[in-house]
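The numbers in the numbering used here rise by one with no breaks, and the one at position 258 of the sequence shown is 262.
Beta carbons are placed, not taken as given, at the ideal position from N, Cα and C, and that holds for glycine.
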Amino acid sequence: MWSDGAVWTGRSFFGVYRVKESAQPPTRYLAHGTTNHGGQWMPRPGVVKPTTYHTPSSPAAEVVRRLRARSPALRVGVAGVGTGAMAYHRQPGDWWRYYEIDPLVAWLATDSGYFEMMPRHDPDASIVLGDARLALAGEPDGQFDLLLMDAFSSDAVPIHLLTQEAMSLYMAKLRGDGILLLHISNRLLHLAPPVAGNVAKLGLAARTGSLGQVDEAADPTAAPSQWVAVAREDATLDALGLGPRWTSLDGAGQSGWRDDFSNLAGAVRWLGALRDGG
Numbered sequence: 005m006w007s008d009g010a011v012w013t014g015r016s017f018f019g020v021y022r023v024k025e026s027a028q029p030p031t032r033y034l035a036h037g038t039t040n041h042g043g044q045w046m047p048r049p050g051v052v053k054p055t056t057y058h059t060p061s062s063p064a065a066e067v068v069r070r071l072r073a074r075s076p077a078l079r080v081g082v083a084g085v086g087t088g089a090m091a092y093h094r095q096p097g098d099w100w101r102y103y104e105i106d107p108l109v110a111w112l113a114t115d116s117g118y119f120e121m122m123p124r125h126d127p128d129a130s131i132v133l134g135d136a137r138l139a140l141a142g143e144p145d146g147q148f149d150l151l152l153m154d155a156f157s158s159d160a161v162p163i164h165l166l167t168q169e170a171m172s173l174y175m176a177k178l179r180g181d182g183i184l185l186l187h188i189s190n191r192l193l194h195l196a197p198p199v200a201g202n203v204a205k206l207g208l209a210a211r212t213g214s215l216g217q218v219d220e221a222a223d224p225t226a227a228p229s230q231w232v233a234v235a236r237e238d239a240t241l242d243a244l245g246l247g248p249r250w251t252s253l254d255g256a257g258q259s260g261w262r263d264d265f266s267n268l269a270g271a272v273r274w275l276g277a278l279r280d281g282g
């Protein structure tokens, strides 16, 4: 994927970023450390579409579509700007707000010229710089139809964004039938069990959805990903009519993570880490 090399390299407090290009299919990606943070596919001149975890076939895009069928004008919060790929799914009449801790990433998505999805689909984007959890604490309760948590640093997980206290905060910022969507794809950590434990402790409902086998002919830039949709009640998730790739998330016997307790060792995919040289 990276054989064509980097077309831009930059450094911030959070590490080294590289914008890389590939000719087949014509794509541009953002790499942070060892992790691909998505990018854009350019199938023909003047057209850009999201890649990897944010393509129209992704579980995240499915949730947005299902919510739009319920309410055509959506209020959406996105933690983690990346390349601005989720902005592709915004439509006129929506109100979206993005939270990004690294100003360099915000610049890459908006003004660098390397990525065009946010300039094209949300040119006046509201971006709040700083820690997403702290920023969301200052937002009014009941503001969002959807909160999408997609913040990573290389392949590391900001644990404070996945604790019971954090999830309780997110739920407070959602309207009564709002959805919290967590991106939990990770090469080295199995994050579903602690998230399931949090869901159980908080008395919430959840489904986990994944894009497993990718149809390369229909969606040549898609990549497998795993997401968790959380609501206050099962009825809310049932009413969305999520497809068969979404299954219940069982939190029985899972302790979850708290601000004063997390167990990263218990979440490690040991076999995968050894296979990948980690």
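Reduced DSSP category for residue i - H, G, I as helix; E, B as strand; rest coil
i, result
"Ser172", "helix"
"Pro197", "helix"
"Trp274", "helix"
"Ala83", "strand"
"Thr167", "coil"
"Ala35", "strand"
"Thr59", "coil"
"Pro47", "strand"
"Arg94", "coil"
"Pro54", "strand"
"Arg191", "coil"
"Arg70", "helix"
"Ala226", "strand"
"Leu244", "helix"
"Leu178", "strand"
"Gly281", "Annotation note: pLDDT 36 at Gly281 (below 50); position unreliable, no value reported."
Inter-residue spacing [alpha-carbon to alpha-carbon] between residue i and residue j
i, j, result
"Arg69", "Trp274", "36 angstroms"
"Asp145", "Leu241", "21 angstroms"
"Val232", "Leu244", "14 angstroms"
"Ala256", "Ala204", "7 angstroms"
"Val161", "Gly134", "16 angstroms"
"Arg32", "Thr251", "33 angstroms"
"Phe265", "Gly201", "13 angstroms"
"Thr55", "Gly142", "32 angstroms"
"His164", "Met153", "12 angstroms"
"Pro107", "Gly182", "29 angstroms"
"Asn267", "Ala10", "36 angstroms"
"Gly14", "Gln28", "25 angstroms"
"Gly37", "Val109", "14 angstroms"
"Ala269", "Pro76", "43 angstroms"
"Val132", "Phe17", "18 angstroms"
"Leu184", "Ser26", "33 angstroms"
"Asp219", "Pro63", "14 angstroms"
"Gly43", "Ala65", "15 angstroms"
"Leu208", "Leu246", "17 angstroms"
"Met175", "Leu140", "11 angstroms"
Other residues of its chain near residue i: CB distance less than 7 angstroms, five sequence neighbours each side excluded
i, result
"Gly282", "Here the model assigns Gly282 a pLDDT of 33, short of 50, so the residue's position is not dependable, and the following value carries that caveat. Only Leu192 meet the Cβ criterion."
"Met122", "Gly88, Ala91, Ala113, Thr114 and Ala129"
"Tyr118", "Trp12, Val23, Arg32 and Leu112"
CA nearest to the CA of residue i, picked from the options
i, options, result
"Ala210", "Val234, Trp250 and Arg101", "Val234"
"Trp111", "Pro127, Arg236, Trp100 and Asp98", "Pro127"
"Gln168", "Trp261, Gly37, Gln28 and Leu268", "Trp261"
"Val80", "Leu195, Ser214 and Arg179", "Arg179"
"Glu104", "Ala155, Gly117 and Gly14", "Ala155"
"Pro49", "Thr212, His36 and Glu120", "Glu120"
"Pro60", "Ala269, Ala139, Gln258 and Pro228", "Pro228"
"Ser189", "Gly207, Pro224 and Gly216", "Gly216"
"Thr225", "Val52, Tyr118 and Gly86", "Val52"
"Leu253", "Glu66, Ser172 and Leu186", "Leu186"
"Thr39", "Gly86, Glu66, Val67 and Arg74", "Gly86"
"Glu1", "Trp99, Leu206, His58 and His125", "It is not possible to answer for residue 1, since the shown part of the chain is limited to 5 through 282."
"Ala170", "Leu150, Arg137, Pro248 and Gly213", "Arg137"
Beta-carbon proximity list for residue i, same chain, < 8 angstroms, skipping 5 on both sides
i, result
"Arg72", "Leu78 and Gln95"
"Pro30", "Trp45, Met46 and Pro47"
"Trp194", "Correcting the residue identity first, residue 194 is His in this sequence and not Trp. Ala271, Val272 and Arg273, listed in sequence order."
Same chain, Cβ closer than 6 angstroms to residue i, five either side skipped, listed in chain order
i, result
"Ser7", "In this prediction, Ser7 has a pLDDT of 43, which is less than 50 and means its spatial position is unreliable; nothing more can be read from the coordinates."
"Val82", "Met90, Tyr102 and Leu152"
"Pro197", "Gln258"
"Gly84", "Asp154 and Ala155"
"Trp99", "Arg79"
One or two residues paired with residue i in a DSSP bridge
i, result
"Tyr21", "Gly14 and His36"
"Arg262", "Phe265"
"Glu104", "Leu133"
"Ser252", "Arg211"
"Leu184", "Leu151 and Val234"
"Ser75", "Its beta-bridge partners do not exist; DSSP assigns none."
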